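Accompanying notes for the structure given below.
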Amino acid sequence: MIEILYQDDHLVAVHKPSGLLVHRSWLDRHETQFAMQMTRDAVGCHVFPVHRLDRPTSGILLFTKSAETARIMSEKMAAHDIDKHYLALVRGYVHEAGELDYALKVELDDIADKMADKDKAPQEAVTRYRPLAQVELPYAVGRYPTSRYSLMALEPLTGRKHQLRRHMAHLRHPIVGDTTHGDGRHNKFYRDHFGVQRLWLIAKGLGFAHPVTGEPLWIEAPLEQEWLTLFETFGWSTAQQDYLIRT
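Given below as structure tokens:
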């Protein structure tokens, strides 16, 4: 059963666990569970995806209940009229907030995108980032006697494939658990020491004007237990946990 975060006559938002595919893919033909089908079964009608989350990313996944509403939301997404907020755990200390404007080349799959233009120019990609907390652990992961990590608030202003993962890697603060763009030594440390194998990235908050009523809508996902355990271990406060909650 998938957790429903918000539902009305036009929209439904669910909490996608890390590791769950959004929809069926011939690249993952062995999989039998998908967020789209689980959401459809939960609400009793066909649903249309507004956006995607990478398989390892958890958090808010938004669907519409009609093709027309999906079209409106897709236009909002293309016009950057939807505010997307993420939490991430990254390697190293990030001391200051900033905005990274760093174009990204399209990431192509060897099979699915074999006919795509491999020489396409890089696409504009912009991410705002802000450090929320830091921790230093008394374990050597690499050449230093201790290991440092930062909790980050990330806001993608564009929607490129793996944008947050690639941008944090470009800043030399890769997201922990990222097996494609991250640091394998730190990924292994978290797997071995904390017993959790996941990408430490969650789609935490989503804000936009309702496509039918025009009323402002804010949807927020709670942190999963593995995040809460990490916060407790690191001594991070509920202020960091709840930094997005709006009243």
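Numbering-wise, the sequence shown is residues 10 to 256 according to this note's numbering. Idealized CB from N, CA, C, for every residue including glycine. A quick note: this is a predicted structure, and the numbers were derived from the prediction, not measured.
- Ranked by how close their Cα comes to the Cα of L71, the residues W227, L109, S246 have W227 in first place.
- Annotation: the continuous beta strand (DSSP E) that includes F72 extends over 67–73.
- Counting the other CB atoms within 10 Å of its CB gives I11 a total of 16 or more, which places it among the buried residues.
- Classified as buried, K74 has 16 or more neighbouring CB atoms from the shown chains inside 10 Å of its CB.
- Sequence-distant Cβ neighbours of W245 in its own chain, meaning closer than 7 Å and more than five residues away, are A142, L160.
- Listed in chain order, the beta strand (DSSP E) elements of length 3 or more contained wholly in the stretch 125–157 are 135–146.
- When rounded, the separation of the alpha-carbon atoms in Q234 and V205 is 11 Å.
- Excluding its 5 nearest sequence neighbours in each direction, T189 has C-beta neighbours in its own chain below 8 Å: H171, R174, listed in chain order.
- When Cβ pairs closer than 8 Å are counted between the two stretches, the stretch 212–224 is seen not to touch the stretch 132–148, the count staying below three.
- Minimum Cα-Cα distance from T242 among the listed residues A212, Y199, H55 corresponds to Y199.
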